[in-house]
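Which chain is which? The protein sequence lines are A and B, in order. So that you can map any letter, position 100 of the first sequence is 85 in this note's numbering, and since no number is skipped, the others follow by simple counting. Count along the second sequence from 1, add 67, and you get the number used in this note's numbering. Report on the following structure.
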Amino acid sequence: MAIRRGRGVAAINYPTGMNLGGDPTQALVHSTPTGNFMVTLSSVDLGQGMKQIMAQICAETIGVPTDRVVVDTADTDTGPHCMGTFASRGTHRAGNAVIQAAREARQVMLEVAAEELEVNASDLETDGQGNILVKGAPQKSISIFDVALSAHFKRGRSISGRGMFLIPRSYPEKETGAMKPSTCYAHACTVAEVEVDDETGEVTVLTVKNVFEIGRALNPKMVEQQLVGGSWMGISHALYETTEPYYPNRDHGGTDFNQYLMPGPGDLAQTEIIVLERPSADGPYGAKGPGEMCANPQIPAVANAVFDAVGVRIDTLPITPERILRALKAQAAN
Amino acid sequence: MAKVPVQFTLNGSEKAEFIDSGTTLLNALRDKIGDTSPKGGCHQGTCGACSVIIDGELRLSCLTLAETCNGAAITTTSGLAEGGVLHPLQRAFLDTFATQCGFCTPGMIMAAKVLLDHTPNPSRDEVVEALSGNICRCTGYEPIIQAVLTAARANSQNAA
Ligand code: FES
Ligand code: FES
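If you want it as structure tokens, here you go:
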């Protein structure tokens, strides 16, 4: 009886969004009288930071500082439609919709500024600090604050825009079954090192090294935060969490946090995260969906590491001591 | 049901309420007094989200009857900032990106505050031990551990 070490590798492709009845999200953008911008969405921020990302995307597109943008995700009854925050789709789908809406709003903003400055709208640019300048003659400028005031009280214009992003449903071809379920894939690879006690069946994850290819990281610190949490969650799914330990039998299913096992701060593997940025073709500023996908590769990597350590292939999650001991027993019997 | 009076200080100000006997401190704080910083994750003492500080000790407000708190001094996360300036722990949680959905955060901060009040320069193991009664779904804990260590360093620099 001994503690045995093993190492496992796994790599994944992960689609951004889903392909059920088509995958749409809409966004509306409008300015306040003082030249701040509201983004209205039904998409929900569950803590991933979607509001921050949408503010960045809107600000970048309109050409104002991020703190001039307010994102309202208050109400799915009254907001523009969104399929929801799941399937790693929030940044990609809502981000594209926000870009479209912000472009339209920017165009109106430039038209109003052009009237004020008596130039062509196509000759104008933004400085990112809240001003609109004539290209090549930056001394001729107007603040976005003044443009918004003019639009509201003088020119009777609404500085606003509508955005819609839809990935249409893809049906399989009748003959071949070929289809295009997703337009955008993120990728990840994980190497996990484990120790398995072949007497108790207990698994300790020593290290987990992850590489994530997630398109452009629109907010690198928030991406890292998401990936660190996701890597931990992957290990948790691999080794601990289930509501159906004897599926389909409901016996011993956890009903509360007393009985639903999750690793705590004392059970952390040494974790490494590397981000590769390869901008996606159809993502907002090159982004892909890092959210859900980042908790996936650890699971097969841990299963492979357990196989490497003790030679048993556990194909049911989570990989509990009981399952390992039963498999070792079956292996010894053969 | 007959109401019972309770009186305590919450974050330095006097509170007096009539509550139903058997009301937990968590429900009294959130529903009667309107301090929603303690969160109800499990209501059975297993998640730590409802943690508050009562007379200097870390307590689970979901397992504490409000009527046992007469005369007590209660601190919650909403009372930590002073005049708009965040407490060093709050600052550190922001700076180290130690919060995502934020549901566990007030409980984590309470647990960390009691630790730092008693042990201003904790080891990593001491931080882990202090947080081990608190569940987080989102962060993977490491950023939270780093936040507490960062706040401890900031405190000791200020003291020096
Ligand atoms: S709500 Fe009190 S410990 Fe979970
Ligand atoms: S940040 Fe979501 S539970 Fe901790």
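Backbone N, C-alpha and C define an ideal beta-carbon position, used for all residues, glycine too. Model, not experiment: these values are computed from the prediction.
- [ ] Taking only the alpha-carbon atoms, compute the straight-line gap between Ala122 (chain A) and Thr46 (chain A) and give it to the nearest angstrom.
- [x] 22 angstroms
Open item on the list: Using only the alpha-carbon positions, how far apart do Gly150 (chain B) and Ala218 (chain B) sit?
Closed with: Computed Cα separation, rounded: 19 angstroms.
Open item on the list: Just to confirm my understanding: we take Tyr170 (chain A), look at its own chain, exclude 5 residues before and 5 after, and list those with CB closer than 6 angstroms. What are they?
Closed with: Excluding positions up to five away in sequence, the list reads Asn(-2) and Pro0.
Open item on the list: Within the continuous alpha helix (DSSP H) that includes Lys314 (chain A), where are the two ends?
Closed with: Pro306 to Ala318
Task: Three-way DSSP call (helix, strand, coil) for Met94 (chain A) in this model - done: helix
TODO: Helix, strand or coil for Thr135 (chain B), going by three-state DSSP, please let me know.
DONE: Thr135 (chain B): helix per DSSP, three-state reduction.
TODO: Check whether the Cβ of Thr131 (chain B) lies closer than 7 angstroms to any heavy atom of ligand 4, and answer yes or no.
DONE: This structure lacks ligand 4; its bound ligands are ligand 1 and ligand 2.
Open item on the list: So Ser167 (chain A) and Asn4 (chain A) are supposed to be a Cβ contact under 8 angstroms. How far apart are they, rounded?
Closed with: 6 angstroms
- [ ] Taking Pro231 (chain B) as part of the alpha helix (DSSP H), name the residues at either end of that continuous run.
- [x] Residue 231 (chain B) is absent from the structure shown; chain B starts at 68 and stops at 227.
Open item on the list: Tell me the residue span of the beta strand (DSSP E) that contains Leu126 (chain B).
Closed with: Checking the sequence shown, residue 126 (chain B) turns out to be Arg, not Leu. Counting along the chain, the beta strand (DSSP E) containing Arg126 (chain B) begins and ends at Glu124 to Leu127.
Open item on the list: Can you determine whether any heavy atom of ligand 1 sits closer than 7 angstroms to the C-beta of Cys117 (chain B), and answer yes or no?
Closed with: Ligand 1 has a heavy atom closer than 7 angstroms to the beta-carbon of Cys117 (chain B).
Task: Candidates A:Ile284, A:Phe242, A:Ile304 and A:Leu31: closest to Gln111 (chain B) by CA position - done: A:Phe242
Open item on the list: Please determine whether the Cβ atom of Gln167 (chain B) lies at a distance below 7 angstroms from any heavy atom of ligand 2.
Closed with: For ligand 2, at least one heavy atom lies less than 7 angstroms from the Cβ of Gln167 (chain B).
Task: Reference Thr301 (chain A); option with closest CA among A:Gly276, A:Tyr225 and A:Gly271 - done: It is A:Tyr225.
Task: Residue burial classification, Pro248 (chain A) (beta-carbon count within 10 angstroms, cutoff 16) - done: buried
Open item on the list: With a threshold of 8 angstroms on Cβ separation, who are the neighbours of Glu193 (chain B) within its own chain once the five nearest residues in sequence on each side are excluded?
Closed with: Leu182 and Thr186
Open item on the list: For the beta strand (DSSP E) containing Ala(-4) (chain A), name the first residue and the last one.
Closed with: For Ala(-4) (chain A), the uninterrupted beta strand (DSSP E) segment begins and ends at Ile(-12) to Pro0.
Task: CA nearest to the CA of Glu187 (chain A), picked from A:Ser28, A:Gly6, A:Leu313 and A:Leu26 - done: A:Leu313
TODO: Kindly indicate which residue of B:Ser190, B:Cys109, B:Gly79 and B:Glu81 has the alpha-carbon position closest to the one of Thr91 (chain B).
DONE: B:Cys109
Task: Residues near Ala163 (chain A) by beta carbon distance below 8 angstroms, same chain, minus five either side - done: Pro157
- [ ] Using three-state DSSP, classify Pro248 (chain A) as helix, strand or coil.
- [x] Collapsing the DSSP output to three states places Pro248 (chain A) in coil.
- [ ] Using the Cα positions of Ser221 (chain A) and Arg204 (chain B), report the straight-line distance between them to the nearest angstrom.
- [x] 10 angstroms
- [ ] Would you tell me roughly how many angstroms separate the C-alpha atoms of Ser135 (chain A) and Pro275 (chain A), rounded to the nearest one?
- [x] 41 angstroms
TODO: Give a yes or no on whether 8 angstroms exceeds the smallest Cβ distance from Val195 (chain B) to chain A.
DONE: Judged by the 8 angstroms Cβ criterion, Val195 (chain B) is in contact with chain A.
Task: Assigned secondary structure, Ile144 (chain A) (DSSP; H/G/I helix, E/B strand, else coil) - done: Three-state DSSP puts Ile144 (chain A) in coil, outside helix and strand.
Task: Best match in A:Gly215, A:Ala202 and A:Gln41 for proximity to Lys273 (chain A) [C-alpha to C-alpha] - done: A:Ala202
Task: With 16 other Cβ atoms within 10 Å as the buried cut-off, status of Leu161 (chain B) - done: Under the 10 Å beta carbon count, Leu161 (chain B) is surrounded by fewer than 16 other beta carbons and is classified as exposed.
Open item on the list: Taking 7 angstroms as the cut-off, is the beta-carbon of Thr206 (chain B) closer than that to any non-hydrogen atom of ligand 2?
Closed with: Yes, the beta carbon of Thr206 (chain B) sits closer than 7 angstroms to at least one heavy atom of ligand 2.
- [ ] Using the DSSP secondary-structure output, state which residues sit across from Phe85 (chain B) in a beta bridge.
- [x] B:Pro72
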